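Quick look at the structure:
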């Protein structure tokens, strides 16, 4: 059947009937040494009679099947292996967790299974390894509990040098290293990373399929079986990220299966507790084998290749794809990330205990301050208890809100939350905003924004900050059984940025006392190196790219058919209507005199109001915006890209936050630039004068950070105001935020041009779900659209929101740069890596080698950034810190 999903046409073959089940019974005895050296007798094949159920141990492969698997894997024609692990924990270092008695495995509870004599081993371990070898049509699910250490090593070593195919293979790779720490694939085809790098339009295509199904659009003659499941997934995904521009998680396998296979994957046995029983069932086996072929098929369909394409065609398809460069970066970094996890970052239990005690005292003091302004929080609350047969009339439980707030490991009950909301209302006479579930919203950012002058909120946030830090220490301590933390650090966001879990190590407080917990081992030091303001440097490059693209668009419109102009031909097609509507726009853009003024009728064009405005009105407004950006760029730089403010600031080694602070202060009448532009003024200062100015403008510079990062992705004044309050603690008005917003875009007009091009020249019509309300659909006819461009590596970026699209380009490029550096480290240096946080590399280095390793790390990081930034004239700097602990 055929599905027409925007940019992809998928031929899904009819499902074959279920094959007759065959049971493999081997005659040979379990090998005690690597079995490639031993003769292997051919297995007997038995077909059970209808209705008969083969023993479970004959379904799962065991020691008697290792030899056959190794022989298959060592065949000359075997390169591609689909693999998947089922494990009893998220990581080999997770704390063992007993499943609850009411937890189910299949249809039975743990309690019922224990009554039947089933035992459970909670030790974190790899329980099942499923493999599928397409070239040999070989499938097996090995129960690793049945294998000896030698057998496991034999399997892992046989997989070394192959191309592994799967989804989220960083997880499987880590567990493979527990079988043999030297195991390493030749290539990795990870459908999660492949979607991130090469099919960023996946979610948009899924949305298009849903919209077309409901509106009867093109491509619906063969309806999907699981369209309702696909729609539900998309709506849940939208709800989980909210209405902000949060970096969405990478695409899960279940979504790719619904989209590309029209199959709903069985996830009943996904959780670790399912693999703890001493005996595995037929259902366990069916779960392992049910979708073992899916990743290979999905990988090919992601690239629009036939399902039976040879592996080399798949690898070539990746390498020549516009996102292929990014994919190879991700693939290379994966080898380093899994070994970094295996090494782990050192943890000092003594320092952690000392800090926990200190934070406990500080929390007690904060609690006393809170009770002074909200005495009701010390009053007990009677919470009714559920009656039982033994006690039909239980006494209420007395809950003390202040005690619960002091408990770092206990969440807040609805009664305690209500008491806090009441305390805030009593002080401010303003109700606390409610969440979607109807309860009060008590997160620190919301309260800081809604109640800026509240003493209750200030004291509450201080107390909760102490409790949160203590909670983090407790979680880290529980994961540091071997004196190190081994979080899963994966490339699992749509931008390619990494995130960490089990435990989360990318939100560690900057408090030096907290960082001191991560102390190097004896004879070692911690080296932490990060890129200096990489996000803004990338923005500077994107601003240069925008100016170049506009020149290319103008060139194409003027008849230039050279290679540079040709690259902008698609962007020109999107805005060519403006040149027709406003015939004086193109001559203005073609002018070479920087002083050329904006055509009079494009000055002070009002913003069209409502949907009743005509196309002509909208066109004039959009053209006027472009003309104003170009005029500002010409006045600031003379049209010379080398003089664009962001680029010039970095080339001159200037502090971008200080530069922005100067512009804001000057516009507000608080600083005299002596008739110069902020850039020229700062360029004219000596080093000592700049340092003195930076010290004197400390508060203004902090505010400038909010404006730099908020305005960068297209926030409007209202959003910028909130961002400054919640993210940087600014006490400013909406009017002050609006003034700062204007000053910022006057200083960096090339960023305004970037946003304009993204909004108008890179707009693509698409049938989508409303990005602000996924229950609503927008067809192309109803204005459905997305914004598509690419990162500096050439990877396509796509989002239904301009702010999200801008964020994607910048942070996606940042991810590629940082991961490129990670993958480019020499092997001996990469082996010292203990943590990676977005754009910071943390290493544990022998004290005698620190200077040498620091030079290598810094040189590698700068080289990776230069690949993408230097073509736009943007230099890179990195900053390092060295100490007995993580002090960066």
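In my numbering, the protein residues as written are 142 to 1029.
Glycine residues also receive a C-beta, built at the ideal position from the N, C-alpha and C atoms.
Keep in mind it's a predicted model, so treat the numbers as computed, not measured.
Check	Outcome
Entirely enclosed beta strand (DSSP E) segments - the segment 631-669, minimum 3 residues	640-642
Identified DSSP bridge partners for residue 594	Answer by DSSP bridge pairing: none, since residue 594 is not bridged.
Selection from 737, 680 and 904 that minimises the alpha carbon distance to residue 711	904
Bridge-paired residues (DSSP) for residue 833	Answer is none; residue 833 lacks a bridge partner.
Pairwise C-alpha distance: residue 469 and residue 330	10 angstroms
With 16 other Cβ atoms within 10 Å as the buried cut-off, status of residue 567	exposed
Within 7 angstroms, strictly: CB atoms of residue 679 and residue 951	yes
Inter-residue Cα distance where the pair is residue 1024 and residue 232	29 angstroms
Through-space distance from residue 815 to residue 768, alpha-carbon basis	28 angstroms
Cβ-based neighbour list, residue 595, same chain, cut-off 7 angstroms, excluding 5 preceding and 5 following	565, 568 and 569
Nearest-angstrom beta carbon gap, residue 810 and residue 880 [assumed within contact, 8 angstroms]	About 10 angstroms; that fails the 8 angstroms criterion.
Beta strand (DSSP E) segment containing residue 977, residue limits	974-978
Straight-line gap, residue 178 to residue 408 (C-alpha atoms, nearest Å)	Because the pLDDT of residue 178 is 37, which lies under 50, any placement of that residue in the model is unreliable, and the number read from its coordinates should be weighed accordingly. So the alpha carbons of these two residues sit roughly 39 angstroms apart.
Start and end residues, alpha helix (DSSP H) containing residue 720	710-722
Residue 321 in three-state terms, based on DSSP	coil
Bounding residues of the beta strand (DSSP E) (the contiguous stretch that carries residue 477)	Unbroken run through residue 477 is the alpha helix (DSSP H), 465-484; no beta strand (DSSP E).
Residue 802 beta carbon less than 7 angstroms from that of residue 845	yes
Limits of the beta strand (DSSP E) - the one that residue 918 falls within	914-919
Alpha-carbon to alpha-carbon, residue 759 and residue 955	35 angstroms
Cβ-based neighbour list, residue 944, same chain, cut-off 8 angstroms, excluding 5 preceding and 5 following	386, 854, 855 and 856
Collapsed DSSP secondary structure at residue 248 in the structure displayed	coil
Buried versus exposed call for residue 772 [16 or more other C-beta atoms within 10 Å across all chains shown]	buried
For residue 485 and residue 501, the rounded distance between their alpha carbons	27 angstroms
Separation of residue 572 from residue 563, as counted between CA atoms	8 angstroms
DSSP-derived helix/strand/coil call for residue 336	helix
Alpha carbon of residue 400 to alpha carbon of residue 347, nearest angstrom	6 angstroms
Secondary structure of residue 1029, DSSP reduced to three states	coil
Buried or exposed by the 16-neighbour rule on C-beta atoms within 10 Å, applied to residue 742	exposed
Reference residue 510; option with closest CA among 236, 969 and 605	605
Whole runs of the alpha helix (DSSP H) within the segment 930-973, excluding any shorter than 4 residues	943-965 and 968-971
Secondary structure of residue 489, DSSP reduced to three states	coil
Residues that DSSP places opposite residue 539 in a beta bridge	523
Under 7 angstroms between C-beta atoms of residue 223 and residue 437	yes
Any non-hydrogen atom of the ligand ZN within 6 angstroms of residue 731 CB	In the structure shown, the ligand ZN is absent, as is every other ligand, since no ligand is present at all.
Local conformation of residue 1015 per DSSP, three classes	coil
Residue 858 (DSSP reduced to helix, strand or coil)	helix
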